[in-house]
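Since the structure comes first, as structure tokens, the remarks are kept for the end.
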Amino acid sequence: MSSHKALIFILTLLVSVSAIAQVSEVPEPLVFMNQQQQDRFDKLTQELRCLVCQNQNLADSDAPLAHDLRREVHQMLLSGRTDEQIKLFLVERYGDFVLYRPPVQKNTYLLWLGPLVLLLAGALILRANIKKRSVLLDADDNTKN
Amino acid sequence: MNSRMIPLLAFVLLVVLLVVGLKISDRKTLIPSPLVDKPAPEFNLPVLGNPGQKMSKESFLGKPYLINFWASWCVTCRAEHPVITDLAESGLVRVIGFNFRDESADAKAWLARFGNPYEVSLVDLDGRISIDFGVYAAPESFLVDPSGKIVFKQTGAMTHEIIKTEIMPRLASMEFRN
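If you read the sequences in order, they're chains A and B. First residue of the first sequence? That's 233 in the numbering used here, and the numbers climb one at a time after it. First residue of the second sequence? That's 9 in the numbering used here, and the numbers climb one at a time after it.
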């Protein structure tokens with residue numbers, strides 16, 4: 233083995249050692265009592281954001297925090313909490329940011345209503361333009377006649 | 009105004025929005041904690057190095073303290089370690105370690121190797137308390153006032169700058185009220 237290869241080998245070992253240094257119980261498969269519960273879990277974890285890798289949801293992420301939060305969501309489901317209660321649990325700790333579907337409230341009016349306002353503005357501009365053009369066309373026609 | 013200017017103006021506006029967005033994107037990745045200005049979550053955790061002894065939130069009431077979530081696997085914790093040490097040695101505030109999702113043997117070895125700045129470290133082995141504190145990164149620090157209320161949260165490494173601009177003024181206002 234050349235010294236170069238040996239170095240790479242040692243570095244690889246170091247990386248794998250530090251990767252297992254964090255306590256992560258090998259994630260046990262989560263067990264549900266019925267299909268309906270499983271469906272609720274799937275829907276919830278897809279709507280909740282993983283805060284470590286912020287563009288992934290809890291269902292997709294493999295971050296340790298996502299494992300822990302899935303475990304929490306699972307336990308809350310089994311203990312009979314509603315979807316709303318589970319979301320509230322996470323919002324109280326991590327803020328609205330944890331929700332992929334932001335609630336309609338004062339600081340999200342612009343987010344929810346903005347597109348509608350833009351659409352309306354576009355419609356008004358379009359109408360004004362059509363009017364202006366039809367007036368011009370009429371004037372054009374009149375001069376021709 | 010020439011109506012041909014409108015697309016140009018719209019484009020300039022878009023560019024301005026882009027630049028502003030890029031400028032604040034650094035701050036955007038840090039999520040404001042909903043826990044600031046609220047009572048710190050309850051905890052009752054074993055002491056690192058003395059698992060028979062447990063300490064709860066009540067044990068710390070009466071004086072301000074800084075909770076520093078750390079772990080031996082956390083690279084940034086090592087980077088901020090000198091700053092935390094300086095803060096602890098200054099005696100300005102009690103510094104309590106929350107060792108989370110970490111093997112206690114690794115944690116003790118880490119403290120032995122780099123020095124132990126903490127008055128005490130509590131063990132949050134499965135990370136449940138870190139979830140109650142809304143911790144999503146490591147390290148994170150919470151400044152708690154004498155009544156047990158969180159008054160400031162730092163996500164990521166503590167710096168001397170933050171101690172000067174965020175921690176010290178808040179400590180000063182607490183003493184003023186005492």
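Each residue gets a CB set at the ideal place from its N, CA and C atoms; glycine is no exception. Remember, it's a predicted structure, so these values are computed and weren't measured experimentally.
Interface partners of residue i on chain E, CB under 8 Å
i                 : result
Leu-309 (chain A) : This model lacks chain E altogether, as its protein chains are A and B.
C-beta neighbour in chain B for residue i, strict 8 Å
i                 : result
Asp-271 (chain A) : no
Ser-250 (chain A) : With a pLDDT of 48 at Ser-250 (chain A), under the threshold of 50, the predicted position of this residue should be treated as unreliable, though the coordinate-derived value follows. Yes, its Cβ sits closer than 8 Å to a Cβ of chain B.
Glu-304 (chain A) : yes
Leu-283 (chain A) : yes
Val-367 (chain A) : no
Check whether residue i and residue j have beta carbons under 8 Å apart
i                 : j                 : result
Ala-291 (chain A) : Gln-278 (chain A) : yes
Gly-142 (chain B) : Tyr-326 (chain A) : yes
Ala-165 (chain B) : Pro-147 (chain B) : yes
Leu-322 (chain A) : Leu-348 (chain A) : no
Phe-122 (chain B) : Arg-86 (chain B)  : yes
Asp-132 (chain B) : Leu-53 (chain B)  : yes
Ala-96 (chain B)  : Pro-125 (chain B) : yes
Asn-287 (chain A) : Tyr-332 (chain A) : no
His-168 (chain B) : Val-91 (chain B)  : yes
Phe-273 (chain A) : Val-305 (chain A) : yes
Any C-beta of chain A under 8 Å from that of residue i
i                 : result
Pro-40 (chain B)  : yes
Gly-142 (chain B) : yes
Phe-160 (chain B) : no
Ile-139 (chain B) : yes
Gly-57 (chain B)  : no
Arg-185 (chain B) : Any reading at Arg-185 (chain B) must be qualified, since the residue scores a pLDDT of 49, below 50, and its modelled position is unreliable; no value is offered.
Contacts of residue i in chain B (Cβ-Cβ under 9 Å)
i                 : result
Gly-354 (chain A) : Result: empty, since nearest Cβ-Cβ is about 12 Å, beyond 9 Å.
Neighbour list for residue i in chain A, Cβ cutoff strictly below 9 Å
i                 : result
Gly-135 (chain B) : Val-255, Pro-296, Leu-297, Asp-300
CA nearest to the CA of residue i, picked from the options
i                 : options                                    : result
Ser-138 (chain B) : A:Leu-301, A:Asp-372, A:Asn-374            : A:Leu-301
Pro-47 (chain B)  : B:His-168, B:Ala-180, B:Ile-175, B:Gly-156 : B:Gly-156
Gln-162 (chain B) : B:Pro-42, B:Val-20, B:Ser-98               : B:Pro-42
Leu-130 (chain B) : B:Trp-78, B:Leu-25, B:Leu-17, B:Ile-14     : B:Trp-78
Glu-324 (chain A) : B:Gln-61, B:Ser-80, B:Val-44               : B:Val-44
Asn-58 (chain B)  : B:Ala-115, B:Asp-140, B:Lys-172            : B:Ala-115
Gly-135 (chain B) : B:Glu-111, B:Ile-175, B:Val-27             : B:Glu-111
Ile-39 (chain B)  : A:Lys-275, A:Val-284, A:Met-265            : A:Val-284
Ser-64 (chain B)  : B:Thr-93, B:Lys-172, B:Val-128, B:Ser-181  : B:Val-128
Glu-316 (chain A) : A:Trp-344, A:Pro-335, A:His-299            : A:Pro-335
8 Å Cβ cut-off: residues of chain B touching residue i
i                 : result
Gly-327 (chain A) : Ile-39, Pro-40, Ser-41, Pro-42, Gly-142
Proximal residues of chain B, C-beta to C-beta of residue i below 7 Å
i                 : result
Glu-324 (chain A) : Pro-42
Quiz item: Does the segment 96-107 of chain B come close enough to the segment 62-80 of chain B to have 3 or more Cβ pairs within less than 8 Å?
Solution: yes
Quiz item: Do the segment 309-317 of chain A and the segment 259-277 of chain A meet, that is, are 3 or more Cβ pairs less than 8 Å apart?
Solution: yes
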